[in-house]
Amino acid sequence: MSNLQKYYTCFLSLLHEIEPKNNFIKQIRKPKLSDKELIALSLAAEASGIDSELLLFQQLPDDLLHKIERSVYNKRRRRLSLKTQELQQRLANAVIAQESHLLIDSMPIEICRPSRAKRSRVCSQYDESSPDFGYCAAQKMYYFGYKIHAVCTHQGVFKAFDLTKAST
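Under the working numbering, the residues of the sequence shown are numbered 890 to 1057, in order.
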């Protein structure tokens, strides 16, 4: 049994405990792979470090491979993204006991060097979400990009995160 299969069965059993429904999106035909199973597969791939769909479908066990096509998996996974985030939050709350103290930290996400910032077109379609100049005191460097703020427990489980402009 591969790591992907182990993670899949573990996530699926945890999802069965916290959510009674199997399908969250109304569909005309009943799918072979339920929405809950698809979310468990997505979480298992993420936990296994598989970030490529091609690699995921190469490592997929035969019993799951015959239940869904790659293009259908991708479309349904995108449509279920909000439900996946909600279930991830509920899983984190179920697995980790409520703590009185949480850790908050932020770190820079550099898009490009400041010298190339004026020519950069990355993520600059909308002014409110475009990257910006910032300074990281810990690394003593100026950068062009974003800042990620994360809240996590002492065990390292992320409770929440947010992506902001580097200047905020």
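No residue lacks a Cβ here, since even glycine has one placed at the ideal position from N, Cα and C.
Taking K972 as the centre and dropping the five residues before and after it, the same chain places the C-beta of F913 closer than 6 Å to its C-beta, in chain order. Y962 and A981 have their C-alpha atoms roughly 24 Å apart.
For V1046, there is no enclosing alpha helix (DSSP H), as DSSP marks it with neither H nor E. Separation of H990 and T1042 (C-alpha to C-alpha, rounded to the nearest whole angstrom) is 7 Å.
In the structure shown, H1038 falls within a strand segment according to DSSP collapsed to helix, strand and coil. Annotation for R965: L927 place their beta carbon closer than 6 Å to its own, counting only its chain and skipping 5 residues before and after. The beta carbons of Y1035 and I998 sit closer together than 7 Å.
D994 sits away from A1026, with the two beta carbons spaced by 7 Å or more.
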